[in-house]
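Reviewing the structure listed below.
Protein chains: 2
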Amino acid sequence: MLELAILGLLQEAPMHGYELRKELATKLGTLRAAISYGTLYPTLKRLKLAGWISEAEANSDIIPPMTSKRGRVVYKITAEGKEHFADLLTQAGPETYDDAGFGVHFTFFSRTDRATRLRILEGRRRRIEERREGLREILARAADRLDAYTLELQRHGLDACEREVRWLEELISNERSGRTPAFRQRAESQRAENQRPESNPEPPRPHLDRP
Amino acid sequence: MLELAILGLLQEAPMHGYELRKELATKLGTLRAAISYGTLYPTLKRLKLAGWISEAEANSDIIPPMTSKRGRVVYKITAEGKEHFADLLTQAGPETYDDAGFGVHFTFFSRTDRATRLRILEGRRRRIEERREGLREILARAADRLDAYTLELQRHGLDACEREVRWLEELISNERSGRTPAFRQRAESQRAENQRPESNPEPPRPHLDRP
DNA sequence: TTGCGATGTATCGGGCCGATACATCGGGAC
DNA sequence: GTCCCGATGTATCGGCCCGATACATCGCAA
Numbered sequence: 000m001l002e003l004a005i006l007g008l009l010q011e012a013p014m015h016g017y018e019l020r021k022e023l024a025t026k027l028g029t030l031r032a033a034i035s036y037g038t039l040y041p042t043l044k045r046l047k048l049a050g051w052i053s054e055a056e057a058n059s060d061i062i063p064p065m066t067s068k069r070g071r072v073v074y075k076i077t078a079e080g081k082e083h084f085a086d087l088l089t090q091a092g093p094e095t096y097d098d099a100g101f102g103v104h105f106t107f108f109s110r111t112d113r114a115t116r117l118r119i120l121e122g123r124r125r126r127i128e129e130r131r132e133g134l135r136e137i138l139a140r141a142a143d144r145l146d147a148y149t150l151e152l153q154r155h156g157l158d159a160c161e162r163e164v165r166w167l168e169e170l171i172s173n174e175r176s177g178r179t180p181a182f183r184q185r186a187e188s189q190r191a192e193n194q195r196p197e198s199n200p201e202p203p204r205p206h207l208d209r210p
Numbered sequence: 000m001l002e003l004a005i006l007g008l009l010q011e012a013p014m015h016g017y018e019l020r021k022e023l024a025t026k027l028g029t030l031r032a033a034i035s036y037g038t039l040y041p042t043l044k045r046l047k048l049a050g051w052i053s054e055a056e057a058n059s060d061i062i063p064p065m066t067s068k069r070g071r072v073v074y075k076i077t078a079e080g081k082e083h084f085a086d087l088l089t090q091a092g093p094e095t096y097d098d099a100g101f102g103v104h105f106t107f108f109s110r111t112d113r114a115t116r117l118r119i120l121e122g123r124r125r126r127i128e129e130r131r132e133g134l135r136e137i138l139a140r141a142a143d144r145l146d147a148y149t150l151e152l153q154r155h156g157l158d159a160c161e162r163e164v165r166w167l168e169e170l171i172s173n174e175r176s177g178r179t180p181a182f183r184q185r186a187e188s189q190r191a192e193n194q195r196p197e198s199n200p201e202p203p204r205p206h207l208d209r210p
């Protein structure tokens with residue numbers, strides 16, 4: 000899962016570990032806590048071994064600090080890596096629908112085709128609906144076997160499930176009806192747009208809030 | 000963390016692994032997915048080695064099925080185990096405030112003294128507030144650097160945080176003002192009450208919805 | 001009688017985490 | 001000037017926990 004996240008971020012720009020981690024933390028808000036270095040560096044090693052990323056010498060131009068030897072290692076994605084990333088994006092296993100996996104996939108939705116987006120949203124919805132049904136079951140059947148605190152925990156969980164299902168319904172219905180992201184209008188929304196995709200193989204284009 | 004959960008369940012009654020897992024799944028709804036056997040059995044082994052639980056022969060009376068040899072192993076908590084459980088209940092480390100840890104602690108709140116309950120609720124609130132502030136920061140500062148999907152994910156996360164903080168506020172205020180669990184009235188609430196605490200060392204007593 | 005789903009115990013490889021160690025850099029205190 | 005501290009940066013280690021897998025028994029229905 001982290002594999003997908005790293006590949007996705009490196010597709011935007013080459014980065015070193017520390018930067019990668021911060022980017023990970025801001026983009027994968029909730030649904031995925033900040034990654035640990037004890038995970039990050041071994042994963043980078045693994046990805047390098049698999050040939051999906053490579054180290055780019057940091058000595059040269061753009062990156063100013065860490066002048067001396069043993070400076071930071073900048074990673075960039077390879078052609079095979081981009082291929083692998085595209086595969087991972089469309090393939091959806093069971094781990095795609097848990098909190099972490101869904102969060103990562105959702106983060107890259109602007110680089111995912113609409114069919115896949117729908118498949119993932121619906122898979123996630125099913126997952127949460129199952130959890131919700133389980134909780135309802137418990138609250139209906141075993142309520143008198145549980146103490147008040149446990150009960151309240153279940154209720155809170157049920158609330159969260161129902162809320163997420165509604166959120167997903169809204170997203171799904173938006174996906175079906177043309178406008179891609181297009182959620183309810185908010186005051187702080189800017190029409191400012193961000194970085195060019197620097198020669199993406201598959202630019203899915205609908206990337207804006209309003210056409 | 001799982002250690003605490005197992006000890007707590009075995010304090011209620013002796014159980015075998017399978018039963019333990021189902022009980023775990025129903026009581027720790029959300030905030031902690033169903034535990035895997037690949038976790039459960041090694042943990043049971045560890046706890047047995049530590050002297051906190053022991054195997055009770057299942058051959059005899061109460062438990063009917065699995066007549067032949069190589070039948071289920073029933074675990075029961077030891078005196079040292081009860082002591083350790085009491086310790087774990089009051090000690091609150093950082094892991095007490097993440098989703099899993101908080102869920103487990105909350106589940107045993109009816110066996111926790113009020114001071115500890117308050118400490119844990121406030122610790123959890125602080126944790127969620129920090130996450131919330133982080134998200135607000137991102138939405139205020141980096142909004143134009145993020146695409147619409149990522150943004151929507153952050154908003155949803157922020158919503159969930161705010162909601163949980165409100166929930167915690169309510170719980171905290173309830174704790175402070177006498178009535179212990181006592182949440183907002185609901186239609187399906189029964190006044191039926193459950194199992195006797197079978198000689199608890201510290202019966203905290205206020206266990207009902209309404210006095 | 002056959003076979004399937006629930007019950008039940010157990011191991012293995014691997015992902016991910018927290019703690020820890022170590023080194024460099026920029027800037028403020030003194 | 002220099003000294004120290006916090007941010008930046010790379011890396012490893014032990015350990016928790018997960019999913020996949022294997023295997024065995026029980027009750028029941030086709």
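Those protein sequences? They're chains L and E, same order as listed.
Each residue of the first sequence is one higher than the one before, counting from 0 in numbering that gives the first Met the number 0.
Each residue of the second sequence is one higher than the one before, counting from 0 in numbering that gives the first Met the number 0.
Where a beta carbon is used, it is the ideal one built from N, C-alpha and C, also for glycine.
Per the contact definition of three or more C-beta pairs closer than 8 Å, is the segment 130–144 of chain E in contact with the segment 100–112 of chain E? They do not touch, by the three-pair rule.
Let me confirm a value: alanine 4 of chain L is counted as buried when at least 16 other C-beta atoms fall within 10 Å, else exposed. Which label applies? With a threshold of 16 other beta carbon atoms within 10 Å, alanine 4 of chain L meets it and is buried.
Isoleucine 76 of chain E by DSSP, collapsed to three states: which one? strand
First and last residue of the uninterrupted alpha helix (DSSP H) at glutamate 121 of chain L: 113–140
Below 8 Å on the Cβ atoms is my guess for glycine 122 of chain L versus methionine 0 of chain L; work out the distance and round it to an integer in Å. At roughly 15 Å, the Cβ-Cβ gap does not stay under 8 Å, so glycine 122 of chain L and methionine 0 of chain L are not in contact.
Serine 55 of chain L - partner residues in DSSP beta bridges: First, the amino acid is wrong: residue 55 of chain L is alanine here, not serine. According to DSSP, alanine 55 of chain L bridges with L:Val73.
Could you round the C-beta distance between valine 73 of chain L and alanine 85 of chain L to whole angstroms and report it? I think they count as a contact, below 8 Å. At roughly 23 Å, the Cβ-Cβ gap does not stay under 8 Å, so valine 73 of chain L and alanine 85 of chain L are not in contact.
Please list, in chain order, the chain L residues whose beta carbon lies closer than 8 Å to that of threonine 106 of chain E. Tyr148, Thr149, Leu152
In the DSSP assignment, find the alpha helix (DSSP H) that holds serine 172 of chain L and state where it starts and stops. Where serine 172 of chain L is concerned, the enclosing alpha helix (DSSP H) stretches over 147–175.
When L:Cys160, L:Pro93, L:Pro41 are compared against arginine 118 of chain L, the one with the closest alpha-carbon: L:Pro93
When the Cα atoms are used, what is the spatial distance from proline 41 of chain E to histidine 15 of chain E? In a straight line, the C-alpha of proline 41 of chain E is about 14 Å away from that of histidine 15 of chain E.
Per DSSP, methionine 14 of chain E forms a beta bridge with which residues? E:Tyr74
Can you tell me the Cβ-Cβ gap for leucine 23 of chain E and alanine 33 of chain E, rounded? I've got them flagged as a contact below 8 Å. Between alanine 33 of chain E and leucine 23 of chain E the Cβ distance is about 7 Å, and since that is below 8 Å, they are a contact.
Would you mind giving the Cβ-Cβ distance between serine 53 of chain E and threonine 89 of chain E, rounded to the nearest angstrom? I have them listed as a contact below 8 Å. About 24 Å; that fails the 8 Å criterion.
N-terminal and C-terminal residue of the alpha helix (DSSP H) that phenylalanine 105 of chain E is part of: 98–106
Can you tell me whether alanine 147 of chain E is buried or exposed? The criterion is at least 16 other CB atoms within 10 Å of its CB, across all chains shown. buried
Cβ-based burial, arginine 116 of chain E [other Cβ within 10 Å; buried from 16]: By the neighbour-count rule (16 or more Cβ atoms within 10 Å), arginine 116 of chain E is buried.
Rounded to the nearest angstrom, what separates arginine 154 of chain L and serine 109 of chain L at their Cα positions? 34 Å
Quick check on DSSP: helix, strand or coil for arginine 31 of chain E? coil
Note down the Cα distance separating arginine 140 of chain L from glutamate 163 of chain L, rounded to an integer number of angstroms. 23 Å
heavy atom of the ligand GTP below 7 Å from leucine 6 of chain L C-beta: Although the ligand GTP was asked about, the structure shown includes no ligands whatsoever.
Please list, in chain order, the residues of the segment 118–142 of chain E that have any C-beta partner in chain L closer than 8 Å. Arg130, Gly133, Leu134, Ile137, Leu138, Ala139, Ala141, Ala142
In angstroms, rounded to a whole number, what distance separates the CA positions of leucine 19 of chain L and aspartate 112 of chain E? One C-alpha to the other measures close to 43 Å.
Got a sec: is the Cβ-Cβ distance from alanine 159 of chain E to anything in chain L below 8 Å? yes
What residue does the alpha helix (DSSP H) around proline 41 of chain L start on, and which one ends it? In the DSSP annotation of this structure, the continuous segment of the alpha helix (DSSP H) that includes proline 41 of chain L starts and ends at 36–49.
From threonine 38 of chain L to glycine 80 of chain L, what does the alpha carbon distance come to, in whole angstroms? 19 Å
Distance cutoff 8 Å, beta carbons only. Does glycine 92 of chain E sit that close to anything in chain L? Not an interface residue.
Give a yes or no on whether the minimum CB-CB distance between arginine 109 of chain L and chain E is below 8 Å. Here the sequence assigns serine to residue 109 of chain L, which means arginine is not the residue at that position. So, interface residue.
Buried or exposed: lysine 44 of chain L, going by 16 or more other Cβ atoms within 10 Å of its Cβ? exposed
Euclidean distance between Cα positions of glutamate 172 of chain L and leucine 120 of chain E: In the sequence under discussion, the amino acid at residue 172 of chain L is serine, which differs from the glutamate named in the question. Going by the C-alpha atoms only, they are around 37 Å apart.
With distances taken between CB atoms, is the gap from tyrosine 96 of chain L to arginine 131 of chain L smaller than 8 Å? no
Is it buried or exposed for lysine 21 of chain L, if we count other Cβ within 10 angstroms and need 16 for buried? exposed
C-beta atoms of lysine 75 of chain L and leucine 8 of chain L nearer than 8 Å: no
Alanine 85 of chain E by DSSP, collapsed to three states: which one? helix
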